[in-house]
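The sequence shown begins at 1 in my numbering and counts up by one. Just below is one structure, and these are the notes that go with it.
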Amino acid sequence: VFISDKIFELLGYEKGEFSSEFSNWRKLIHPDDVEFVDKSIKECFSCLTPSLNIEFRILNSSGEWHWVQSQGKIVEYDPDGKPVRVAGSVMDITEQKEAEIKRIQLELKMQQAQKLESLGVLAGGIAHDFNNLLTGILGNSDILLYELPQNVEIQQRIIEIKRAKQLASELTNQMLAYS
């Protein structure tokens, strides 16, 4: 197994710090990614896929996780058709992954803002329509007060209707302010 000095440099390890056996490198793979990496490598070596192109996290020497993209291809087979040599590369894609995560978070925030805007428009439309209905109630109750003979009980009920209309109107104004 040959591992380029650049990979050690990429991860901040000294070249002789540990052997190049896969089991040593496997210990550096993020626990959430180990199963995926193992499965992908097994599929490649069992010839289920002709090449390898995977993204996973790996631990650098300072204890930080880096996203890497690993690409490889079987370049030599034994006489029985079993893979004996793979060539590949590893590229640090941490910045791209972080940018992608930020983009997704921004999209989620924009979707949330659009939902809130839609809710505001809906609330404003309902409040406006409700206010129009209340105006009809107020107008008709004023006409009743004017046209009815002096009857304290009926007038008192109409005054209660006007008071309830006023409270509903204040609630409508709060909805409009919210929207």
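Ideal Cβ positions, reconstructed from N, Cα and C, are used throughout, including at glycine.
- Three or more Cβ pairs closer than 8 angstroms define a contact, and the stretch 134-143 meets that threshold against the stretch 155-165.
- The continuous stretches of beta strand (DSSP E) do not include Lys-27, and DSSP gives it neither H nor E.
- Apart from sequence neighbours up to five positions away, the residues of its chain that approach Arg-57 with a beta-carbon distance below 6 angstroms are His-30, Asp-33, Trp-65 and Trp-67, ordered along the chain.
- Judged by DSSP in its simplified three-state form, Ile-137 adopts helix.
- With a threshold of 16 other beta carbon atoms within 10 Å, Thr-172 meets it and is buried.
- When the Cα atoms are used, Met-110 and Gln-166 turn out to be separated by approximately 37 angstroms.
- As DSSP reads the structure, Asn-53 sits in a beta bridge with Gln-71.
- In this structure, the alpha-carbon of Glu-14 lies about 52 angstroms from that of Lys-115.
- Restricted to the stretch 64-138, the beta strand (DSSP E) segments that are unbroken, complete and at least 3 residues in length are 65-77 and 83-92, listed in chain order.
- About 5 angstroms separates the beta carbon of Asn-60 from that of Gly-12, a gap short enough to meet the 8 angstroms contact definition.
- Its Cα nearest to that of Asn-132, the residue Ser-169 stands out among Glu-35, Ala-87, Ser-169 and Ser-51.
- Boundaries of the alpha helix (DSSP H) around Ser-169: 152-178.
- Relative to the Cα of Phe-2, the nearest Cα in the group Gln-112, Ile-104, Gly-88 and Glu-95 belongs to Gly-88.
- Per DSSP, the continuous alpha helix (DSSP H) segment holding Phe-36 begins and ends at 34-45.
- The shortest CA-to-CA distance from Leu-48 to any of Trp-25, Ser-62 and Gly-81 is the one to Gly-81.
- For Lys-15, there is no enclosing alpha helix (DSSP H), as DSSP marks it with neither H nor E.
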